[in-house]
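At position 32 of the sequence shown (counting the first as 1) the number is 32 in our numbering, and the numbers step up by one without a gap.
Glycine residues also receive a C-beta, built at the ideal position from the N, C-alpha and C atoms.
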Amino acid sequence: MHNNITPAGGRRRSPKALRLFICALITLIVVVAIIIIVIWRVIDPKKLRYSVVSGSIATFNQTGDNLVSARIHYVLQATNPNRRISVYYDRVEVTARYEDQQLSVSHVYPFHQSKRNVTRLDLDLTARDVGLYSDVARDLRRARAVGEVDLEIIIRARIRLRIGLFRIRRHLRVSCGPMTTPFSTSHEFHTVYCDSYRTYF
């Protein structure tokens with residue numbers, strides 16, 4: 001005769017109870033996944049869109065020792081196409097660049113963008129005695145002689161997405177350009193559509 005010996009201090013787990021636990025866990029995971037999918041479909045999130053609709057260089061001065069000063073103005077159009085999501089822009093940094101060399105850094109005041117809204121922002125960027133590499137300075141002089149220059153603006157933003165009672169924090173990077181920007185407000189500027197990316201810093 002064989003005796004079934006249970007180890008001291010422990011109980012043998014019933015296979016039936018283990019199967020029930022696994023089934024309950026799988027059911028819970030499936031139910032949660034279905035709820036998330038349904039909520040996502042109801043919210044129907046769409047990507048935020050950005051474009052630059054106007055731009056010009058108001059003042060410009062370049063010295064012989066490769067220093068440049070300028071006042072650059074752009075109008076950025078931010079579009080939130082979402083019906084159930086509003087956006088809080090907590091911090092917005094705008095950098096102007098020419099041939100990968102930084103000309104100016106400025107900040108936009110925090111603002112809230114409601115659902116299905118188009119907001120236009122005036123970006124006034126100022127460069128003060130910015131030192132340029134000699135080849136960059138040479139190219140900029142040639143562009144000034146032509147009457148227009150290809151500039152790029154990079155926007156880094158810290159935002160919060162509001163969905164009902166919930167808020168989701170995101171970091172955003174928006175790249176616009178290079179944009180052909182005239183040295184006079186009387187010259188035409190063609191709308192430029194920007195690329196946006198989600199970042200983690």
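(request) Please specify which runs of the beta strand (DSSP E), each continuous and at least 3 residues long, are wholly inside the region 113–155, giving them in chain order. (result) Those beta strand (DSSP E) runs which fall completely within the region 113–155 and span 3+ residues are 117–131.
(message) Just verifying my parser: in three-state terms, what is the DSSP assignment at threonine 191?
(response) Counting from one through the sequence shown, the residue named residue 191 turns up at place 191. Three-state result, threonine 191: coil.
(message) Whole angstroms are fine: how far does the CA of isoleucine 155 sit from the CA of arginine 141?
(response) Sequence index remark: in the sequence shown, residue 141 carries index 141 (1-based). Sequence index remark: in the sequence shown, residue 155 carries index 155 (1-based). Cα to Cα, the separation comes out at about 26 Å.
(request) Would you mind sorting threonine 59 into buried or exposed? The rule is 16 or more other CB atoms within 10 Å of its CB. (result) Looking up residue 59 in the sequence shown gives position 59. Counting every other CB atom within 10 Å of its CB across the protein chains shown gives threonine 59 a total below 16, marking it as exposed.
(request) Reducing DSSP to helix, strand and coil, say where isoleucine 34 ends up. (result) Reading the sequence shown from its first residue, position 34 is the one you call residue 34. It is helical.
(request) Quickly, what does DSSP pair cysteine 176 with across the bridge? List them, please. (result) Against the sequence shown, residue 176 aligns to sequence position 176. DSSP lists Ile153 as partners of cysteine 176.
(message) If I measure Cβ to Cβ from serine 106 and keep anything under 6 Å in the same chain, skipping five residues before and after, which residues do I get?
(response) The count along the sequence shown starts at 1 and reaches residue 106 at position 106. The answer, listed in chain order, is Val94 and Leu125.
(message) Is arginine 173 close to the ligand GDP? I mean its beta-carbon at under 8 Å from any heavy atom of the ligand.
(response) Within the structure as shown, the ligand GDP is missing, as the structure has no ligands at all.
(request) Assign glycine 55 to one of two classes, buried (16 or more other C-beta atoms within 10 Å of its C-beta) or exposed (fewer than that). (result) Counting from one through the sequence shown, the residue named residue 55 turns up at place 55. Residue environment for glycine 55: buried (at least 16 other C-beta atoms within 10 angstroms of its C-beta).
(request) Please report the residue range of the beta strand (DSSP E) in which aspartate 90 lies. (result) On the sequence shown, residue 90 is found 90 positions in, with the first residue counted as 1. 86–98 is the span of the beta strand (DSSP E), which, as asked, contains aspartate 90.
(request) Taking only the alpha-carbon atoms, compute the straight-line gap between proline 182 and glycine 147 and give it to the nearest angstrom. (result) Taking the sequence shown and counting its residues from 1, one reaches residue 182 at position 182. Taking the sequence shown and counting its residues from 1, one reaches residue 147 at position 147. C-alpha of proline 182 to C-alpha of glycine 147: approximately 6 Å in a straight line.
(message) With DSSP as the reference, identify every bridge partner of alanine 70, one or two as the case may be.
(response) Numbered from 1 along the sequence shown, position 70 holds the residue referred to as residue 70. Its beta-bridge partners are Phe60 and Ala127.
(request) Mind checking which residues open and close the beta strand (DSSP E) that includes serine 106? (result) Looking up residue 106 in the sequence shown gives position 106. For serine 106, the enclosing beta strand (DSSP E) stretches over residues 101–108.
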